[in-house]
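**Student:**
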Amino acid sequence: MNAKDFFEQYSIEVINKRTRISPISLRFIKNKEFEKIPRVKFLGFVRIIEKEFDVDLSELIEEYNQATNHTPTQTSDKKETELKEPKKHNTLLLFILALILFSLGAYLLYKTYNSKSGSDTINKTAYMPNNEENLSSENNITTQKTQENNISKQAAKAEKTTKTQIQHSQQTAIPKTVKIFPNEKVWFKAVNLDNNKTVEYLTSNPKTLIGPNWYIKFGHGNITIDYGDKTITPQTKKIVRLLLKNGKVEYLKYPNRYEK
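Laid out in structure tokens, this is it:
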């Protein structure tokens, strides 16, 4: 069964109920409006449909590739590039850990050598007056404390560098936009948490909110929301309140300070 026969046999409503794919995206696929749907999302939806209905839509994927100038080689190159980025990050972490281990090993080696050297000094100078023995011991203790302080500073610096790298990696993962796809006409009001600006719409068209942090109140939940790598589908006729902040999603049940 090809794609044309499939969409003639099954309506968008039937496919939506079985796959939970939004009607808007299904219309884009059925009408072959490939430029309106991202490649990753298109391939994901097609695989879901193939699995749910036991149908082969590889011909539709080829049409998408031709229409959007995508080739398997380009996809492989993209995946290879995506794999290289975390590899660089892992190499940096391994280097930092190796530096910490090297520093600790040097400290332990020095401590062992210094302990033996101190014992030899005491044995060789056993016949000397007590004041010279005390002076030698004090010098050894001072040297050891200085070395311990240097090692501690190096370890603290390496740990701080590791934390900075991890924090930077987490910050770059925060989404920059919120994309809203109504399945039917919907009213919603959105508050930008970074500048307190408010926007309000009554629409059935897709909307994009620029910024990572938003509070949004919807008149109903028959919508699909893309927030970073998260896809949110409340699927309810009731009012929906969402707090989108630093890549995290939180449902709020009651009116709150953002609705003032």
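Okay, so the sequence shown: first residue is 12 according to our numbering, each after it adds one.
Virtual Cβ for every residue (Gly too), placed ideally from N, Cα, C.
Please confirm if the region 233 to 242 is in contact with the region 182 to 199, defined as three or more CB-CB distances below 8 Å between the two stretches.
**Tutor:** Verdict: yes, contact present.
**Student:** To the nearest angstrom, how far is it from the Cα of I72 to the Cα of T79?
**Tutor:** Going from the Cα of I72 to the Cα of T79 covers about 11 Å.
**Student:** Short of 8 Å in beta carbon distance, which residues of its chain neighbour A166, apart from the five on each side in sequence? Order them along the chain.
**Tutor:** Only I111, S114, L115 meet the Cβ criterion.
**Student:** Going by Cα to Cα distance, which pick from I227, Q246, N233 is closest to V260?
**Tutor:** Closest by alpha carbon: I227.
**Student:** Look at the alpha carbon of F53 and the alpha carbon of L255, and state the distance between them as a whole number of angstroms.
**Tutor:** One C-alpha to the other measures close to 25 Å.
**Student:** Return helix, strand or coil for D237, following the three-state DSSP convention.
**Tutor:** Looking at D237 - three-state DSSP - the assignment turns out to be strand.
**Student:** Of all the alpha helix (DSSP H) runs that stay within the bounds of the region 54 to 79, which reach a length of 4 or more residues?
**Tutor:** Runs found: 69 to 79.
**Student:** In this structure, what does DSSP give as the bridge partners for A201?
**Tutor:** Answer is V210, I227, bridged to A201.
**Student:** How big is the Cα-Cα spacing for K200 and L220?
**Tutor:** Cα to Cα, the separation comes out at about 11 Å.
**Student:** Might you give, ordered along the chain, the residues of its own chain that have their beta carbon closer than 6 Å to the beta carbon of T235, omitting 5 neighbours on each side?
**Tutor:** Cβ neighbours of T235 beyond the five flanking positions: S33, F192, T244.
**Student:** With a threshold of 16 other CB atoms inside 10 Å of the CB of F229, please say whether the residue is buried or exposed.
**Tutor:** Looking at its Cβ environment, which holds 16 or more other Cβ atoms inside 10 Å, F229 is buried.
**Student:** Measure the CB-CB distance between L104 and T157 and report whether it falls below 8 Å.
**Tutor:** In this structure, T157 does not lie closer than 8 Å to L104 by Cβ.
**Student:** Report the rounded CA-to-CA distance for Q155 versus L120, giving the unit in angstroms.
**Tutor:** Roughly 12 Å separates the two Cα atoms.
**Student:** Starting from the Cα of A169, find the closest Cα among A109, S22, W198 and give me that residue.
**Tutor:** Selected option, being the one with the closest Cα: A109.
**Student:** To the nearest angstrom, how far is the alpha carbon of K264 from that of E270?
**Tutor:** One C-alpha to the other measures close to 13 Å.
**Student:** Taking the alpha-carbon of S163 as reference, which of Y124, E63, N206, Y118 has the nearest alpha-carbon?
**Tutor:** Here the closest residue by C-alpha is Y118.
**Student:** Taking the alpha carbon of E24 as the point to measure from, which residue in G55, K47, Y124, L37 has its own alpha carbon closest?
**Tutor:** Measuring from the Cα of E24, the nearest candidate turns out to be L37.
**Student:** Which same chain residues, not among the five before or five after M12, have their C-beta less than 8 Å away from its C-beta?
**Tutor:** These residues qualify, in order along the chain: Q20, V66, D67.
**Student:** With a threshold of 16 other CB atoms inside 10 Å of the CB of K15, please say whether the residue is buried or exposed.
**Tutor:** The residue is exposed, with fewer than 16 neighbouring Cβ atoms inside 10 Å.
**Student:** Look at the Cβ atom of F39, then the Cβ atom of I26, and state whether they are nearer than 8 Å.
**Tutor:** Against a cut-off of 8 Å, the Cβ pair of I26 and F39 comes out as no contact.
**Student:** Once DSSP output is grouped into helix, strand and coil, what is the label at P193?
**Tutor:** It is a strand residue.
**Student:** Helix, strand or coil: which one does DSSP assign to I32?
**Tutor:** DSSP places I32 in coil when its eight states are reduced to three.
**Student:** Looking at C-alpha atoms only, which residue of E74, T30, E61, I59 is the closest neighbour of E46?
**Tutor:** Closest option to E46, Cα to Cα, is E74.
**Student:** From the DSSP secondary-structure annotation, give me the bridge partner or partners of I243.
**Tutor:** DSSP output for I243 lists I236 as bridge partner(s).
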